[in-house]
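Peer 1:
Numbering (this note's numbering), first residue to last: 284 to 367.
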């Protein structure tokens, strides 16, 4: 068989090193993404962004904000095929 003597202390260190480096890289990536995207709930810019977005959404709603019965009444009152 082999002339080398079995030494359990020298097995698996390569895989352990790769696992540790991979884990550190994943942790660094998660930390970087968190720092670049996290906004504290009391951050003034956070409220400004959402306020502007919500105002634009409500301004664009127009007819979508109407009550349920108003759409049917508006469609029935609209003349079809007539020229003005």
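All C-beta atoms, glycine included, are put in the ideal place defined by N, C-alpha and C. This one's a predicted model, so the numbers in the text were calculated from it and none came from an experiment.
With distances taken between CB atoms, is the gap from residue 329 to residue 336 smaller than 8 Å?
Peer 2: It is not a contact, given that the beta carbons lie outside the stated cut-off.
Peer 1: By how many angstroms is the C-alpha of residue 289 removed from the C-alpha of residue 299?
Peer 2: So the two alpha carbons sit approximately 19 Å from each other.
Peer 1: Do you know offhand how far residue 309's Cα is from residue 319's?
Peer 2: Using only the alpha carbons, I get a separation of about 15 Å.
Peer 1: Using only the alpha-carbon positions, how far apart do residue 333 and residue 342 sit?
Peer 2: When rounded, the distance between both Cα atoms is 14 Å.
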